[in-house]
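Protein chains: 2
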Amino acid sequence: MEGGAAASTPAALPYYVAFSQLLGLTLVAMTGAWLGLYRGGIAWESDLQFNAHPLCMVIGLVFLQGDALLVYRVFRNEAKRTTKVLHGLLHVFALVIALVGLVAVFDYHRKKGYTDLYSLHSWCGILVFVLYLVQWLAGFSFFLFPGAPFSLRSRYRPQHIFFGATIFLLSVGTALLGLKEALLFNLGDKYSAFEPEGVLANVLGLLLACFGGAVLYILTRADWKRPSQAEEQALSMDFKTLTEGDSPGSQ
Amino acid sequence: MEGGAAASTPAALPYYVAFSQLLGLTLVAMTGAWLGLYRGGIAWESDLQFNAHPLCMVIGLVFLQGDALLVYRVFRNEAKRTTKVLHGLLHVFALVIALVGLVAVFDYHRKKGYTDLYSLHSWCGILVFVLYLVQWLAGFSFFLFPGAPFSLRSRYRPQHIFFGATIFLLSVGTALLGLKEALLFNLGDKYSAFEPEGVLANVLGLLLACFGGAVLYILTRADWKRPSQAEEQALSMDFKTLTEGDSPGSQ
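Residue numbers (our numbering), protein chains in the order written: chain A, 48 to 298; chain B, 48 to 298.
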């Protein structure tokens, strides 16, 4: 599928993607380190069940969701359908892991007799989860399920991209709120004494924001967008995109 | 300055801008209501000095910063220089109001003997303020101060736009963290009993996120971008943008 000049990978893109992956993996490792070192580790039974929540959410709704958005930039020269399926699958993995994280916290609350859904973090979290599910179903219906007319696809595409990026950013914001909540609940006055756990969690918070920024940068660089390819051009003869892509002969 | 068809305002844009302004004003009013009804109001002396912090930050770094970003979409048919000056001025107002908000919280901490800059909110806040100042200085040097070559301007423009949007989103995220902090400090266990203050503040948090989303939507709609105008086209004869804008005769 290697194409001509227009379909080649921009020189700086792999470095930015590598940097984003380094940030994302550090994020997951640091969440694990925080829970292991200061919160007693993770288990499904016992009080440690709560700790499955932050880890699942960081892996699912931050790291995997972010990577799913980058798929079209990374696999820019693969067949569109392959990339699409990978994009959809990564989002399914993210959704399932997030669901495990949701069950963990609701189950923990039920066992401890805690109130559900009173905090801003929980309101944002439920909003993110519902929007994410709706976005996935809409994306599947329009782009993967055969039958949606091309005119409808091309009108929905910009909305799908905008809401995809927005839901991802809201996920990062919700994670920051949750981290802050955990710190204030657990550390109390010790937070202001620069306890190691507080400093580590603050760094984790900054990394979360940086990962969000890095993914957004890669997504929004106009010259890094996936080039139109022959297979799509052939299918959209009646659309003006035909005149914007590179020549069908370049593939 | 009314132009031809290409320079006219897209039909839906005014409604979206009106909606964003309604959200922004509700946001400011609700912050005032929260501080007035549940936090004893605002004063520079006494413990109420703290309350100047959230109000200044919501007005400056959320509402005014957001509106400064929208200037190029709203005043799309005005002279570029006028719009530029308005964009820069709104950011100056935002910066000054944010500085008052910063002084309020540091002064309050000093008087009460509280530790500074230990929380994730404060780390993000300082980061936002420094980035905002640097972005303003860079924007001024490149775009308002005469002398920057056009090639440099056109290379810096995409970075300026990306970092502008990112700093705005980080400001919204930092406001959410601060709101959460204030709720957990002040309400404690009453938060989970769905006290009116907690519910009001959660709604305020969702409005903050919605305002961020609305501004981002208006900014990123490709067909709502400011059209190139004759005056710029005349000045950038050597750039390919000449071929993308509308005809100089349309102005």
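By construction, the Cβ of each residue, glycine as well, lies at the ideal position given by its N, Cα and C atoms.
ask   = Near G107(A), what residues of its chain come up, given a Cβ to Cβ distance below 6 Å and the 5 sequence neighbours on each side ignored?
value = Numbered from its first residue, the first sequence carries residue 107(A) at position 60. The residues are A141, I144 and A145.
task = My understanding is that A256(B) touches L223(A), with C-beta atoms under 8 Å, so please give their C-beta distance in whole angstroms.
result = The count along the second sequence starts at 1 and reaches residue 256(B) at position 209. The count along the first sequence starts at 1 and reaches residue 223(A) at position 176. Their Cβ separation, rounded to whole angstroms, is 12 Å, which puts A256(B) and L223(A) out of contact at 8 Å.
request  = Give me the Cα-Cα distance between G79(B) and L184(B), rounded to the nearest whole angstrom.
outcome  = Start at 1 with the first residue of the second sequence, and residue 79(B) comes out as number 32. Start at 1 with the first residue of the second sequence, and residue 184(B) comes out as number 137. Looking at the two C-alpha atoms, the distance is approximately 31 Å.
request  = Compute the Euclidean distance between the alpha carbons of P193(B) and V175(B), then round it to the nearest angstrom.
outcome  = Walking along the second sequence from the start, residue 193(B) turns up at place 146. Walking along the second sequence from the start, residue 175(B) turns up at place 128. Cα to Cα, P193(B) sits roughly 27 Å from V175(B).
Cβ-heavy atom distance, G186(A) to the ligand ZN, below 6 Å = Here there are no bound small molecules, and the ligand ZN is not part of this structure.
request  = Give the interface partners of T213(A) over in chain B, defined as CB-CB distance under 7 Å, in chain order.
outcome  = To locate residue 213(A), count along the first sequence from 1; it is residue 166. Result: G260 and L263.
ask   = Hey, out of D163(A), V147(A) and I214(A), whose CA is closest to C103(A)'s CA?
value = Sequence index remark: in the first sequence, residue 103(A) carries index 56 (1-based). In terms of Cα proximity to C103(A), the closest of D163(A), V147(A) and I214(A) is V147(A).
query = Under 7 Å between the Cβ atoms of L226(A) and G259(A)?
reply = Against the first sequence, residue 226(A) aligns to sequence position 179. Against the first sequence, residue 259(A) aligns to sequence position 212. In this structure, G259(A) does not lie closer than 7 Å to L226(A) by Cβ.
task = For my contact list, F110(A) and V75(A) are in at a C-beta cut-off of 8 Å; report their separation, rounded to the angstrom.
result = Your numbering for residue 110(A) matches position 63 in the first sequence. Your numbering for residue 75(A) matches position 28 in the first sequence. About 6 Å separates the two Cβ atoms, so the contact holds.
query = Do L95(B) and G87(B) come within 7 Å of each other at the CB atom, strictly closer than that value?
reply = Walking along the second sequence from the start, residue 87(B) turns up at place 40. Walking along the second sequence from the start, residue 95(B) turns up at place 48. Yes, they are a contact pair.
Cutoff 8 Å; reference V177(A); Cβ partners in own chain excluding five residues on either side = As a first step, residue 177(A) must be located in the first sequence, where it is residue number 130. Cβ within range, chain order: n/a, list empty.
request  = Note down the Cα distance separating I173(A) from K127(B), rounded to an integer number of angstroms.
outcome  = In the first sequence, counting from the first residue as 1, residue 173(A) sits at position 126. In the second sequence, counting from the first residue as 1, residue 127(B) sits at position 80. So the two alpha carbons sit approximately 43 Å from each other.
message = Measuring straight from C-alpha to C-alpha, what distance separates L70(B) and L254(B)?
response = Reading the second sequence from its first residue, position 23 is the one you call residue 70(B). Reading the second sequence from its first residue, position 207 is the one you call residue 254(B). Put simply, the backbone Cα of L70(B) is about 7 Å away from that of L254(B).
key: Neighbour flag for G83(B) against chain A, beta carbons, 7 Å   = For the purposes of this step, residue 83(B) is taken as residue 36 along the second sequence, with counting starting at 1. Not an interface residue.
key: Buried or exposed (CB count within 10 angstroms, at least 16 for buried), W91(A)   = The residue you call residue 91(A) lines up with position 44 of the first sequence. By the 10 Å Cβ count, W91(A) comes out exposed.
key: P243(B), buried or exposed, once every other Cβ within 10 Å from all chains shown has been counted against 16   = Taking the second sequence and counting its residues from 1, one reaches residue 243(B) at position 196. With fewer than 16 other Cβ atoms within 10 Å, it is exposed.
query = Which whole runs of the alpha helix (DSSP H) in the stretch 51-99 of chain A are 4 residues long or more, in chain order?
reply = 60-85
request  = Starting from the beta carbon of N249(A), find every residue of chain B whose beta carbon is closer than 7 Å, and list them in chain order.
outcome  = The residue given as residue 249(A) occupies position 202 in the first sequence. Going along chain B in sequence order, the residues near N249(A) (Cβ under 7 Å) are L167 and W170.
query = So P274(A) packs on R157(A), CB below 8 Å; how close in whole Å?
reply = Looking up residue 274(A) in the first sequence gives position 227. Looking up residue 157(A) in the first sequence gives position 110. Not confirmed; about 51 Å, so no contact.
key: Proximal residues, the stretch 224-253 of chain A versus chain B, C-beta separation under 8 Å   = L224, L226, K227, E228, L230, L231, F232, Y238, S239, A240, F241, G245, A248, N249, G252 and L253
ask   = Is the beta carbon of G135(A) sitting closer than 7 Å to the one on L191(A)?
value = Your numbering for residue 135(A) matches position 88 in the first sequence. Your numbering for residue 191(A) matches position 144 in the first sequence. Yes, the Cβ-Cβ distance between G135(A) and L191(A) is below 7 Å.
ask   = Does the beta carbon of T162(A) sit closer than 7 Å to a beta carbon anywhere in chain B?
value = Counting from 1 along the first sequence, the entry for residue 162(A) is found at position 115. At least one chain B Cβ lies under 7 Å of T162(A).
key: Inter-residue Cα distance where the pair is K272(A) and L72(A)   = One-based indexing of the first sequence puts residue 272(A) at position 225. One-based indexing of the first sequence puts residue 72(A) at position 25. Each residue's alpha carbon lies about 24 Å from the other.
ask   = Once you ignore the five residues that flank V219(A) on each side, which residues in its own chain have a CB closer than 8 Å to its CB?
value = Within the first sequence, residue 219(A) is the residue found at index 172, counting from 1. Cβ within range, chain order: V109, L255, A256, F258 and G259.
ask   = Do you know offhand how far V246(A)'s Cα is from N233(B)'s?
value = The count along the first sequence starts at 1 and reaches residue 246(A) at position 199. The count along the second sequence starts at 1 and reaches residue 233(B) at position 186. Taking the Cα positions, V246(A) is about 23 Å away from N233(B).
task = Report back the beta-carbon spacing between F241(A) and Y165(B) to the nearest angstrom; my notes put them in contact at under 8 Å.
result = For the purposes of this step, residue 241(A) is taken as the residue at position 194 of the first sequence. For the purposes of this step, residue 165(B) is taken as the residue at position 118 of the second sequence. Yes, they are in contact, since the Cβ atoms of F241(A) and Y165(B) sit about 6 Å apart, within 8 Å.
inquiry  = Rounded to whole angstroms, what is the Cα-Cα separation between Q265(A) and Q206(B)?
reply    = Counting from one through the first sequence, the residue named residue 265(A) turns up at place 218. Counting from one through the second sequence, the residue named residue 206(B) turns up at place 159. Per the sequence shown, the amino acid found at residue 265(A) is Ile instead of Gln. Distance between the alpha carbons of I265(A) and Q206(B) is about 12 Å.
ask   = Does DSSP classify G194(A) as helix, strand or coil?
value = If you number the first sequence from 1, residue 194(A) lands on position 147. It is coil, neither helix nor strand.
ask   = From what residue to what residue does the alpha helix (DSSP H) around D114(B) run?
value = As a first step, residue 114(B) must be located in the second sequence, where it is residue number 67. Per DSSP, D114(B) belongs to the alpha helix (DSSP H) from Q112 to V121.
request  = Give the C-beta separation of L60(A) and V262(A) to the nearest angstrom, bearing in mind that I take them to be a contact with Cβ-Cβ under 8 Å.
outcome  = Position 13 of the first sequence, counted from the start, is the residue given in the question as residue 60(A). Position 215 of the first sequence, counted from the start, is the residue given in the question as residue 262(A). With 8 Å as the limit, L60(A) and V262(A) do not qualify as a contact, their Cβ atoms being about 13 Å apart.
Option nearest W170(B) by Cα separation, candidates F197(A), A65(A), L180(A) and A248(A) = Position 123 of the second sequence, counted from the first residue, corresponds to residue 170(B). Closest by alpha carbon: A248(A).
task = With DSSP collapsed to three states, give me the class of P274(A).
result = Residue numbering aside, residue 274(A) sits at position 227 when the first sequence is read from its first letter. The answer is coil: DSSP assigns P274(A) none of H, G, I, E or B.
task = Compute the distance between the beta-carbons of D163(A) and L137(A), then report whether it is under 7 Å.
result = The residue given as residue 163(A) occupies position 116 in the first sequence. The residue given as residue 137(A) occupies position 90 in the first sequence. Their beta carbons are not under 7 Å apart, which means D163(A) does not touch L137(A) by this criterion.
query = At a Cβ threshold of 7 Å, is G194(A) touching chain B?
reply = Against the first sequence, residue 194(A) aligns to sequence position 147. For G194(A), the answer is no, since every Cβ of chain B falls outside 7 Å of its Cβ.
ask   = Residues in its own chain within less than 7 Å of A58(B) by CB, not counting five upstream and five downstream?
value = Here residue 58(B) refers to the residue found at position 11 when the second sequence is read from its first residue. Nothing meets the Cβ criterion.
inquiry  = Spatial neighbours of F187(B) within its chain, please: C-beta separation below 8 Å, excluding the five flanking residues on both sides.
reply    = Looking up residue 187(B) in the second sequence gives position 140. Cβ neighbours of F187(B) beyond the five flanking positions: G135.
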